[in-house]
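Enquirer:
Numbering (UniProt numbering), first residue to last: 1 to 120.
Written as structure tokens, this is what we have:
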């Protein structure tokens with residue numbers, strides 16, 4: 001059975017890139033969200049096996065969304081996505097409960113490695 005993934009990023013292009021990498025490798029993308037508020041709503045609604053979460057987004061950032069999701073579901077598996085140079089934010093994200101992080105621009109091998117590690 002394919003693992004279900006929710007992709008959260010305010011940039012449609014980035015969502016499309018991750019979706020493409022995951023779909024080609026047997027993962028099922030069951031939803032997308034553009035900000036942290038949508039991310040929490042979709043997580044509750046769709047119950048994905050994994051969430052890829054951008055850090056910098058409007059309305060509610062990825063770190064706040066991770067904290068909210070983890071408070072509802074301590075077993076939630078979340079991988080953060082960040083642009084280069086956001087190391088401090090990545091540390092915050094891991095402390096908030098993220099399993100791993102991937103850096104933009106996405107390298108397909110790294111995305112798949114992080115996803116399979118988080119899900120297994």
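Glycine included, every Cβ here is placed at the ideal spot set by N, Cα and C.
1) Residue 76 to residue 60, Cα distance in whole Å?
2) Just list the alpha helix (DSSP H) runs in the region 35-87, keeping only unbroken ones of 4 residues or longer that don't cross its boundaries, in chain order.
3) Going along the chain, which residues of its own chain have a beta-carbon closer than 7 Å to the beta-carbon of residue 17, five neighbours each way excluded?
4) List the residues that DSSP assigns as beta-bridge partners of residue 99.
5) Which of the three DSSP states, helix, strand or coil, is assigned to residue 28?
6) Could you tell me if residue 158 is buried or exposed, where buried requires 16 or more neighbouring beta carbons within 10 angstroms of its beta carbon?
7) Out of 111, 42, 118 and 98, state which residue places its alpha-carbon closest to the alpha-carbon of residue 6.
8) Would you mind sorting residue 71 into buried or exposed? The rule is 16 or more other CB atoms within 10 Å of its CB.
9) Indicate the three-state DSSP secondary structure (helix, strand or coil) for residue 12 in the structure shown.
10) Around the Cβ of residue 101, are there at least 16 other Cβ atoms within 10 angstroms (buried) or fewer (exposed)?
11) May I ask you to report which of helix, strand or coil DSSP gives residue 3?
Expert: Inspection of the coordinates gives the following:
1) Here residue 76 is taken as the residue at index 76 of the chain shown, counted from 1. Here residue 60 is taken as the residue at index 60 of the chain shown, counted from 1. Cα to Cα, the separation comes out at about 18 Å.
2) Qualifying alpha helix (DSSP H) stretches, in chain order: 36-46 and 62-72.
3) Residue 17 sits at position 17 when you count from the first residue of the chain shown. Around residue 17: 106.
4) The residue you call residue 99 lines up with position 99 of the chain shown. In the DSSP output, where bridge partners are listed per residue, residue 99 has none listed.
5) Counting from one through the chain shown, the residue named residue 28 turns up at place 28. Three-state DSSP puts residue 28 in a strand.
6) As shown, the chain starts at 1 and ends at 120. That puts residue 158 outside it, with no answer to give.
7) Here residue 6 refers to the residue found at position 6 of the chain shown. Closest by alpha carbon: 42.
8) Position 71 of the chain shown, counting from 1, holds the residue named residue 71. Its Cβ having fewer than 16 others within 10 Å, residue 71 is exposed.
9) Sequence index remark: in the chain shown, residue 12 carries index 12 (1-based). DSSP, reduced to helix, strand and coil, places residue 12 within a helical segment of the structure shown.
10) As a working mapping, residue 101 is identified with position 101 in the chain shown. So residue 101 ends up on the buried side.
11) By one-based count along the chain shown, residue 3 stands at place 3. Looking at residue 3 - three-state DSSP - the assignment turns out to be coil, as it is neither helix nor strand.
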